[in-house]
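**Q** Whatever position you read off the sequence shown (first residue = 1), add 100 for the working numbering. Beta carbons are placed, not taken as given, at the ideal position from N, Cα and C, and that holds for glycine.
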Amino acid sequence: MEIKQLKYFVETARQEHMTEAAMVLNVAQSALSRQIGLLENDLGTELFRREGRNIKLTDAGKSFYEDAVQILESIDKSKEKITNVQNLKEHTFNIHITRSDMTTKVLQSFNHFIKQDESITFTIHSEDEDTLEEKLLDASLDLVISPEKLNDDQLKSILLFEQNYYYVFRQKNRVNLPMQASLSELEDMPLATFEPAIEMAGLFKNSTIHNYKDLSIIQHLLIHHGYVAIVTNDEAKQLTYNYPNFTVYSLVHLNIKHPMYVSILKNNEKPFVNQWFNQLRQEFMPMYQPYTD
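(1) Alpha carbon to alpha carbon, how far is Lys156 from Thr112?
(2) Rounded to a whole number of angstroms, what is the C-alpha to C-alpha distance between Ser130 and Met123?
(3) Could you please give me the residues that DSSP links to Val257 through a beta bridge?
(4) Kindly list the residues whose CB is nearer than 7 angstroms to the CB of Gln115, restricted to its own chain and excluding five residues on each side of it in sequence; keep chain order.
(5) Evaluate Ala292 with the Cβ neighbour count: other Cβ atoms within 10 Å of its Cβ, from every protein chain shown; 16 or more gives buried, anything less gives exposed.
(6) Between the alpha carbons of Ile214 and Thr223, how many angstroms are there, rounded?
(7) Any idea if Leu245 is buried or exposed, counting beta-carbon neighbours within 10 angstroms, 16 or more meaning buried?
(8) Could I get the ranges of all uninterrupted alpha helix (DSSP H) runs contained in the stretch 116-175, with 4 residues as the minimum, in chain order?
(9) So within the stretch 286-370, which uninterrupted alpha helix (DSSP H) runs reach at least 4 residues, ignoring any that extend past its ends?
(10) According to DSSP, is Ile103 part of a helix, a strand, or is it coil?
(11) If you measure between the beta carbons of Asn264 and Lys357, is that distance less than 8 angstroms?
(12) Rounded to a whole number of angstroms, what is the C-alpha to C-alpha distance between Leu365 and His196?
(13) What would DSSP say about Thr231, mapped onto helix, strand or coil?
(14) How many Å lie between Asn378 and Phe109 at the Cα?
(15) For Gln280, which residues of its own chain have a beta-carbon under 6 angstroms away from its beta-carbon, when the five flanking residues on both sides are left out?
(16) Return the residue from the list Ser200, Leu303, Asn333, Leu321 that minimises the CA-CA distance to Pro247.
(17) Does the distance from the CB of Val373 to the CB of Val268 come in under 8 angstroms?
(18) Between the Cα of Leu207 and the Cα atoms of Leu243, Glu180, Asp288, Asp230, which residue gives the shortest distance?
(19) So if DSSP puts Arg270 in a beta bridge, which residue, or which two residues, is it bridged to?
(20) Give a yes or no on whether the C-beta atoms belonging to Leu147 and Ala128 are separated by under 8 angstroms.
(21) Which two residues bound the contiguous alpha helix (DSSP H) that contains Leu207?
(22) Could you give the distance in angstroms between the alpha-carbon of Met289 and the alpha-carbon of Leu321?
(23) Quick one, are the C-beta atoms of Ile260 and Tyr361 less than 8 angstroms apart?
(24) Suppose you measure from the CA of Ile171 to the CA of Lys181; what does that come to, to the nearest Å?
(25) With a threshold of 7 angstroms on Cβ separation, who are the neighbours of Leu303 within its own chain once the five nearest residues in sequence on each side are excluded?
(26) With DSSP as the reference, identify every bridge partner of His225, one or two as the case may be.
(27) For Gln135, which residues of its own chain have a beta-carbon under 7 angstroms away from its beta-carbon, when the five flanking residues on both sides are left out?
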């Protein structure tokens, strides 16, 4: 039994005439008769009887007609669901953005971009950094902004900006660091950082650096226990907002920073992915060298 046979049977039952049904279905009457015959053989019963020039459903045909209509309606609904899911997938922008001082600017760019096309829906993911390349390759992510330049031949990555870091402390007898502290001077202090995007322990090899998920803990350690915080500019601003007496100096002289790249799959079939990729390139890359594909 084939779906085509069910369609032919239902239309023939509606028209009660083989020639008219063939015209509606746009098939030869002989092809229609052959398919109806195959269906009857498959079911082991006659579905129609002749009444003059017309044909009528037999009792078995009437019973089967109800089932056939339901089957075809269910198939149509399933097709519609599949189409809707596919359309949703094709118009959903899946992105990952690693936290940085530029996150707000990146999101402003994204917000402006999607407002230009109301058909785009989006999901902002928070993925493990180690899985980003895999998720771009299997298309579960469309665009990634992260510290890693992804070098797979199927991907393209460009540098957007560099994330700088600062050291923050409460100046008193126990902590008295200069504006351009040396690495050894910093490593002499207990250090704390707030969920860094890069591995801080590899930068401060001669000191144990403690990672925290709560800035209020870092603030407490700075005020009461002589810690020094290694944080981004945004995080430094939050700390000094709550406690203006903190001292904040840049770590640019020690080259403690990390790049932030934007990466996409080269053959991503969603046109808006490449469009935003190019828009980000135009918005951020004037600060750096020209980019060529």
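**A** In brief:
(1) As a position in the sequence shown, residue 156 is number 56, starting the count at 1. As a position in the sequence shown, residue 112 is number 12, starting the count at 1. Those two C-alpha atoms are separated by around 9 angstroms.
(2) As a position in the sequence shown, residue 130 is number 30, starting the count at 1. As a position in the sequence shown, residue 123 is number 23, starting the count at 1. Distance between the alpha carbons of Ser130 and Met123: 12 angstroms.
(3) Counting from one through the sequence shown, the residue named residue 257 turns up at place 157. The amino acid occupying residue 257 in the given sequence is Ser; Val does not appear at that position. Ser257 is bridged by DSSP to Ser363.
(4) Here residue 115 is taken as the residue at index 15 of the sequence shown, counted from 1. So the qualifying residues of the chain are Ala121, Val124.
(5) For the purposes of this step, residue 292 is taken as residue 192 along the sequence shown, with counting starting at 1. Buried, because 16 or more other Cβ atoms sit within 10 Å of the Cβ of Ala292.
(6) By one-based count along the sequence shown, residue 214 stands at place 114. By one-based count along the sequence shown, residue 223 stands at place 123. Distance between the alpha carbons of Ile214 and Thr223 is about 12 angstroms.
(7) Translated into the one-based positions of the sequence shown, residue 245 becomes position 145. Note that residue 245 is Ile in the sequence shown, not Leu. Ile245 should be labelled buried.
(8) Segments of the alpha helix (DSSP H) lying fully in the stretch 116-175: 118-125, 129-143.
(9) Complete alpha helix (DSSP H) runs here, min 4: 315-324, 333-342.
(10) As a first step, residue 103 must be located in the sequence shown, where it is residue number 3. The three-state secondary structure of Ile103, taken from DSSP, is helix.
(11) Here residue 264 refers to the residue found at position 164 when the sequence shown is read from its first residue. Here residue 357 refers to the residue found at position 257 when the sequence shown is read from its first residue. Using a Cβ distance threshold of 8 angstroms, Asn264 and Lys357 count as a contacting pair.
(12) The count along the sequence shown starts at 1 and reaches residue 365 at position 265. The count along the sequence shown starts at 1 and reaches residue 196 at position 96. When rounded, the distance between both Cα atoms is 13 angstroms.
(13) Translated into positions along the sequence shown, residue 231 becomes position 131. Helix, per DSSP.
(14) The count along the sequence shown starts at 1 and reaches residue 378 at position 278. The count along the sequence shown starts at 1 and reaches residue 109 at position 9. In a straight line, the C-alpha of Asn378 is about 54 angstroms away from that of Phe109.
(15) Working through the sequence shown from its first residue, we reach residue 280 at position 180. Apart from sequence neighbours up to five positions away, the residues of its chain that approach Gln280 with a beta-carbon distance below 6 angstroms are His353, ordered along the chain.
(16) Counting from one through the sequence shown, the residue named residue 247 turns up at place 147. Selected option, being the one with the closest Cα: Ser200.
(17) Numbered from its first residue, the sequence shown carries residue 373 at position 273. Numbered from its first residue, the sequence shown carries residue 268 at position 168. No, the Cβ-Cβ distance between Val373 and Val268 is not below 8 angstroms.
(18) Along the sequence shown, one-based indexing puts residue 207 at 107. Looking from the CA of Leu207, the closest CA among Leu243, Glu180, Asp288, Asp230 belongs to Leu243.
(19) For the purposes of this step, residue 270 is identified with residue 170 of the sequence shown, where counting begins at 1. Under DSSP, Arg270 forms a beta bridge with Phe346.
(20) Position 47 of the sequence shown holds residue 147. Position 28 of the sequence shown holds residue 128. Using a Cβ distance threshold of 8 angstroms, Leu147 and Ala128 do not count as a contacting pair.
(21) Position 107 of the sequence shown holds residue 207. Leu207 -> alpha helix (DSSP H) spans 203-214.
(22) Sequence index remark: in the sequence shown, residue 289 carries index 189 (1-based). Sequence index remark: in the sequence shown, residue 321 carries index 221 (1-based). Met289 and Leu321 have their C-alpha atoms some 12 angstroms from each other.
(23) Your numbering for residue 260 matches position 160 in the sequence shown. Your numbering for residue 361 matches position 261 in the sequence shown. For the sequence presented, residue 260 should be read as Leu rather than Ile. Taking 8 angstroms as the Cβ cut-off, Leu260 and Tyr361 qualify as a contacting pair.
(24) Taking the first residue of the sequence shown as 1, we reach residue 171 at position 71. Taking the first residue of the sequence shown as 1, we reach residue 181 at position 81. Each residue's CA atom was taken as its position, placing Ile171 and Lys181 some 15 angstroms apart.
(25) If you number the sequence shown from 1, residue 303 lands on position 203. Taken in chain order, the residues that qualify are Ile356.
(26) Start at 1 with the first residue of the sequence shown, and residue 225 comes out as number 125. Here His225 is bridged, per DSSP, to His196.
(27) Walking along the sequence shown from the start, residue 135 turns up at place 35. Lys104, Gln105, Tyr108, listed in sequence order.
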